[in-house]
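K.L.:
The structure follows.
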Amino acid sequence: MDIPKLTPAEMTNLWNSYLINTMTQWVTRYFIANCQDEDLRPILEYAEEMAITEVQKSRTFLEEANHPLPQKFDAEDVDVNAPALFTDKFVLILKGVLCQESLGVYSLSLSTSTRTDIRQFYEDCLKNASQLFNRLADLMIKKGLHHPEIHIPTPELVEKVSKQNFLAGWFTERRPLTSYEISQLVANIRINEVTKEFMRGFAQVTRSNEFKNHFHRGAEIRQKHIEIFQSILLANELPHLPTWESEVTDTTVPPFSDRLMLFKMTLLTGATAGHYGVSLSSVLRKDIGALYTRLMAEELLYGEDCVNLMIEHEFLDQLPMAKERK
């Protein structure tokens with residue numbers, strides 16, 4: 003049977019699914035090996051099963067199309083016997099944030115794929131990720147990790163915006179935040195906090211001073227961004243969100259290879275910049291829009307440095323390219 007050629011979108015989607023899920027499979031296996039929480043363990047086992055299945059299916063699609071595979075992550079990149087770098091509480095929060103990100107990725111992969119079988123694959127991925135997220139969210143609620151909950155007054159009626167200064171924010175009196183602006187600030191604080199603690203942990207265990215300095219710099223950038231977002235919430239008398247510094251253990255034994263850690267930071271930096279872009283596209287206060295523009299530029303610059311380090315250390319496999327012009 004002739005296998006239809008993959009479109010550029012399908013190549014990219016399957017390439018990323020294969021590579022990212024090989025990492026997820028092994029990192030989750032390491033989390034399971036160190037898990038002490040009997041409520042969390044079966045959820046992590048389900049996440050590992052998902053990753054293994056998605057690795058196998060994405061690899062099959064690529065191999066059937068005679069497409070070369072990127073260098074996977076395997077036992078050489080993860081020491082499952084290493085001591086825990088993060089507490090179970092942080093692993094639960096981390097998996098919740100990463101699962102949220104995967105829902106967006108799978109939705110985009112579904113909508114940009116052409117072949118029926120590949121679309122069915124991503125529809126299945128989306129269903130599995132939704133189930134995983136619900137299980138993680140239920141456990142986070144059970145353990146009180148959604149606190150503090152943020153509430154704002156429920157309006158008695160819907161009013162029309164009547165003044166142009168609704169868009170202002172620099173030299174005129176700043177209006178209160180809208181519900182959308184609050185939700186975006188909260189989401190950006192949470193992904194920055196998770197990424198910051200990831201980076202602090204990575205800086206603690208890497209043997210490379212170059213990578214140690216790079217991860218410390220990334221953590222400092224995220225701390226600054228968190229403080230900026232939190233100050234806007236506080237100015238509107240909204241709660242201070244928790245931080246998770248105490249959830250990084252004191253081990254210095256590296257459970258992950260430098261290649262895996264740098265790759266993970268490249269993904270999370272791109273995801274954070276993407277969050278800023280989404281926030282910027284719909285925010286209506288000009289001062290907050292300008293803030294997102296500035297912080298996104300900082301994030302993209304750090305992301306470029308991540309990619310440059312991956313190139314320098316020959317960690318980055320090149321995605322397929324269009325025909326070279328002669």
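Everything in the sequence shown is counted per this note's numbering, starting at 3 for the first residue and increasing by one.
Heads up, the beta-carbon is just placed ideally off N, CA and C, and yes, glycines get one too.
In this text, all values refer to a predicted model and were calculated from it rather than measured experimentally.
(1) What number of angstroms, rounded off, separates the C-alpha of Ile-143 from the C-alpha of Phe-231?
(2) Taking the runs of the alpha helix (DSSP H) that are 4 residues or longer, which of them lie wholly in the segment 148 to 223?
(3) Using three-state DSSP, classify Phe-123 as helix, strand or coil.
(4) The alpha helix (DSSP H) that contains His-277, what's its start and end?
(5) Would you tell me roughly how many angstroms separate the C-alpha atoms of Leu-105 and Cys-127, rounded to the nearest one?
(6) Once the 5 residues before and after Ile-120 are set aside, which same chain residues still bring their CB inside 6 Å of it?
(7) Out of Thr-62, Asn-36 and Ile-34, point me to the one whose CA is closest to Ser-19's CA.
(8) What separation, rounded to the nearest whole angstrom, lies between the Cα atoms of Ile-193 and Thr-274?
(9) In the segment 10 to 92, which residue ranges form an unbroken alpha helix (DSSP H) of at least 4 residues, counting only runs that do not cross its ends?
(10) Classify Met-3 as buried or exposed, calling it buried when 16 or more other Cβ atoms lie within 10 Å of its own Cβ.
(11) What do you get for Ile-49, buried or exposed, if any count of 16 or more other CB atoms within 10 angstroms of its CB means buried?
(12) Just to check my reading of the structure: Phe-92 and Thr-24 have Cβ atoms closer than 8 Å, yes? What is that Cβ distance to the nearest angstrom?
(13) So which of Arg-117, Leu-21 and Ala-53 has the shortest CA-CA distance to Lys-7?
(14) Where Leu-179 and Met-298 are concerned, what is the direct C-alpha to C-alpha distance, given to the nearest angstrom?
(15) Would you mind sorting Glu-249 into buried or exposed? The rule is 16 or more other CB atoms within 10 Å of its CB.
(16) Rounded C-beta distance between Ile-184 and Leu-243? I'm assuming under 8 Å.
(17) Once the 5 residues before and after Arg-224 are set aside, which same chain residues still bring their CB inside 6 Å of it?
(18) Would you verify that the beta carbon of Pro-10 is, or is not, closer than 8 Å to some beta carbon of chain C?
(19) Between the Cα of Phe-135 and those of Leu-94, Glu-151, Pro-157 and Ile-154, spot the shortest distance and give me the residue it belongs to.
(20) Since I believe Met-312 is in contact with Leu-318 (beta carbons under 8 Å), could you give me their beta-carbon distance rounded to a whole number of angstroms?
(21) Considering only residues of the same chain and omitting the five flanking positions on each side of Tyr-294, which have a CB-CB separation below 7 Å?
(22) Around the Cβ of Thr-26, are there at least 16 other Cβ atoms within 10 angstroms (buried) or fewer (exposed)?
(23) Does the beta-carbon of Glu-326 have 16 or more other beta-carbons within 10 angstroms, so that it is buried, or is it exposed?
(24) Less than 8 Å between the C-beta atoms of Cys-308 and Thr-251, yes or no?
(25) For Ala-53, does the count of other Cβ atoms within 10 angstroms reach 16, so buried, or fall short, so exposed?
(26) So Ser-132 and Tyr-124 are supposed to be a Cβ contact under 8 Å. How far apart are they, rounded?
(27) Is Ala-221 buried or exposed, if buried means 16 or more other CB atoms sit within 10 Å of its CB?
(28) Counting C-beta neighbours from all protein chains within 10 Å, is the total for Leu-21 16 or more, i.e. buried, or is it exposed?
(29) Among all the DSSP beta bridges, which residues are the ones paired with Val-250?
(30) For Glu-229, which residues in the same chain have their Cβ closer than 8 Å to its Cβ, ignoring the five residues on either side in sequence?
(31) Starting from the C-beta of Leu-302, find all residues in its chain whose C-beta is less than 6 Å away, skip the five residues before and the five after it, and write them out in chain order.
(32) Taking buried to mean at least 16 other C-beta atoms within 10 Å of its own C-beta, is Asn-211 buried or exposed?
(33) Spatial neighbours of Pro-85 within its chain, please: C-beta separation below 6 Å, excluding the five flanking residues on both sides.
P.N.:
On the basis of the coordinates in this document:
(1) 24 Å
(2) 181 to 207
(3) helix
(4) 260 to 284
(5) 9 Å
(6) Glu-12
(7) Thr-62
(8) 7 Å
(9) 10 to 36 and 43 to 66
(10) Low per-residue confidence applies at Met-3: pLDDT is 49, beneath 50, and the placement is therefore not dependable, though the value from the model is reported in the following sentence. With fewer than 16 Cβ atoms within 10 Å of its Cβ, Met-3 is classed as exposed.
(11) Reading off the sequence, residue 49 comes out as Ala, not Ile. When all chains shown are included, Ala-49 counts as buried.
(12) That pair is no contact at about 23 Å.
(13) Selected option, being the one with the closest Cα: Arg-117.
(14) Approximately 20 Å between the Cα atoms of the pair.
(15) buried
(16) Contact doesn't hold; Cβ gap of about 11 Å is too wide.
(17) Asn-194, Thr-197 and Lys-198
(18) No chain C is part of this structure, which consists of one protein chain only.
(19) If we check each option's Cα against that of Phe-135, Leu-94 comes out closest.
(20) 4 Å
(21) Tyr-278, Ser-281, Leu-282 and Val-285
(22) Classification of Thr-26: buried, given that the 10 Å Cβ count is 16 or more.
(23) exposed
(24) By the CB criterion at 8 Å, Cys-308 and Thr-251 fall outside the cutoff.
(25) buried
(26) Between Tyr-124 and Ser-132 the Cβ distance is about 12 Å, and since that is not below 8 Å, they are no contact.
(27) buried
(28) Buried, since its Cβ has 16 or more Cβ neighbours within 10 Å.
(29) Phe-88
(30) none
(31) Counting only Cβ-Cβ distances below 6 Å, and skipping sequence neighbours, we find Ala-275.
(32) Asn-211 is exposed by the Cβ-count criterion.
(33) Thr-253 and Val-255
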